[in-house]
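J.:
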Amino acid sequence: MVQKRLARIINQKCHFKCEDCEKTKLAKMYEYRNISFVRGFTPHHYKQLCGDCIYKKVYGTKFYKKKKKEGALDGKVQHL
Ligand SMILES: [Zn+2]
1 MVQKRLARII NQKCHFKCED CEKTKLAKMY EYRNISFVRG FTPHHYKQLC GDCIYKKVYG
61 TKFYKKKKKE GALDGKVQHL
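When we follow my numbering, the leftmost residue of the sequence shown carries the number 1, and every step to the right adds one.
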C-alpha cells in the first residue's frame, strides 16, 4: 500500500474554525490530506486545520510541540 501525506500552510493569519477541534481561532491555517491509493477509500481532506491539530496528525502527540516550535510545516509544501 502506497500512502502519502499532504500537509501545508494555507494562510499565515486568518480567522477560521478548525475542522478537527472545532475551535474558532485567529491563527495560521493548514491543509491536510492523506493520499491513499486504496480503491474505494477516500481519506478526509481537511482544508481548515489549526496548528495544534495538524502537527499532532503529522508528528504525533509526543513530538508535535517541538516541531511546531521549529515551524516544520510552515512555509513550504511538505510531501511526507
Ligand atoms: Zn484544531
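Backbone N, C-alpha and C define an ideal beta-carbon position, used for all residues, glycine too.
Can you tell me which residues fall inside 7 Å of ligand 1, judged by beta-carbon distance to its nearest heavy atom, and keep chain order?
T.: 18, 20, 21, 23, 49, 50, 52 and 53
J.: Consult DSSP for residue 70 and reduce its assignment to one of helix, strand or coil.
T.: Taken through DSSP and simplified to helix, strand or coil, residue 70 comes out as helix.
J.: Rounded to the nearest angstrom, what separates residue 78 and residue 45 at their Cα positions?
T.: Only weak support is given to the placement of residue 78: the predicted model assigns it a pLDDT of 47, under 50, and the question is left unresolved by the model.
J.: For the beta strand (DSSP E) holding residue 47, just list the boundary residues, first then last.
T.: 45–49
J.: Would you mind reading off the limits of the beta strand (DSSP E) that contains residue 24?
T.: The continuous beta strand (DSSP E) containing residue 24 extends over residues 24–36.
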